[in-house]
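Novice: This is the structure, below, for whatever I ask next.
Residue numbers (my numbering): 41 to 317.
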């Protein structure tokens, strides 16, 4: 399926999603918010996918919300106040869901960032599992600078990634965080010299993940996300139940067999999702 704002390719277990409006700084226009959901639904339906890499064409990862598309809506309408507010709430919830599909994706999502990553870009990358950037990358909670309180996930997810004091400083000032500082505080796992090195490096990490048991990969993400949102004891109870049901004797056997034969293990893909209609 062809998209206006994104591309999707699944090869060797790696689902590669790209922002493809580089000439427009990959701003998030109206089509983007629906296409993101469609793309991640397609990934969820592809039983051969084992890991996701999210990247962007062009000089900048994204400049955030496309104000040409949304500017008038941000200023409001002449509708009756309660009805206007209810409609605006639905719009915000729709936009939140667009980023939450990344968090809900059963596969780990790695994101490669070059140049600007501002506004909605922070919403996007904070929903990813692992972040990597080029040396020219910079980050900003740009909403603060244009009279908005960020409302699509940044303020909810970033405190789970960065120290609270740093999150508050970035939020209240809207200042830029450059790549070295992002690495220092743990926003990104690694800084690469340039965009090509970034792409090659992230794809290599993705290939390493894709070589693991997909049952284990899915379980790992499920448990890490659950642990983030629940108590330690709740997490322990959940993993006990999960492994009682999901532990793959076939994959464990393949791992030990491969080790004894001094070769890399080969794991079967997940089963296809059974369609209800």
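Ideal Cβ placement from N, Cα and C applies to all residues, glycine included.
No experiment lies behind these values; they were computed from the predicted model shown.
1. Looking at the unbroken alpha helix (DSSP H) that takes in residue 266, where does it start and where does it end?
2. So, using beta-carbon positions, are residue 226 and residue 202 closer together than 8 Å?
3. Are residue 187 and residue 102 closer than 8 Å when you measure CB to CB?
4. Going by beta-carbon coordinates alone, are residue 194 and residue 181 separated by less than 8 Å?
5. Pick helix, strand or coil for residue 201, following the three-state DSSP scheme.
6. Using C-beta distances below 6 Å, list every residue in its chain close to residue 150, excluding the 5 sequence neighbours before and after it, in chain order.
7. For the candidate residues 74, 273, 218 and 275, whose alpha-carbon lies nearest to that of residue 140?
8. Closest to residue 238 by CA distance: which of 308, 219 and 204 is it?
9. Assess, as a yes-or-no matter, whether the stretch 133–148 is touched by the stretch 82–97 under the definition of 3 or more beta carbon pairs within less than 8 Å.
10. Please identify the residue among 58, 281, 76 and 213 whose C-alpha is closest to the C-alpha of residue 190.
11. Along the beta strand (DSSP E) that carries residue 171, what are the first and last residues, could you check?
12. Pairs of beta-carbons, one from the stretch 116–134 and one from the stretch 267–286, closer than 8 Å: are there three or more?
13. Which whole-angstrom value is the C-beta distance of residue 304 and residue 295, which I expect to be below 8 Å?
Specialist: If we stick to the structure as given:
1. 254–269
2. yes
3. no
4. yes
5. coil
6. 93, 170, 242 and 246
7. 74
8. Distances from the alpha-carbon of residue 238 to those of 308, 219 and 204 put 219 closest.
9. yes
10. 213
11. In the DSSP assignment, residue 171 falls within the unbroken beta strand (DSSP E) covering 170–174.
12. With the cut-off at 8 Å, the stretch 116–134 and the stretch 267–286 do not touch.
13. The Cβ separation is near 10 Å, so there is no contact.
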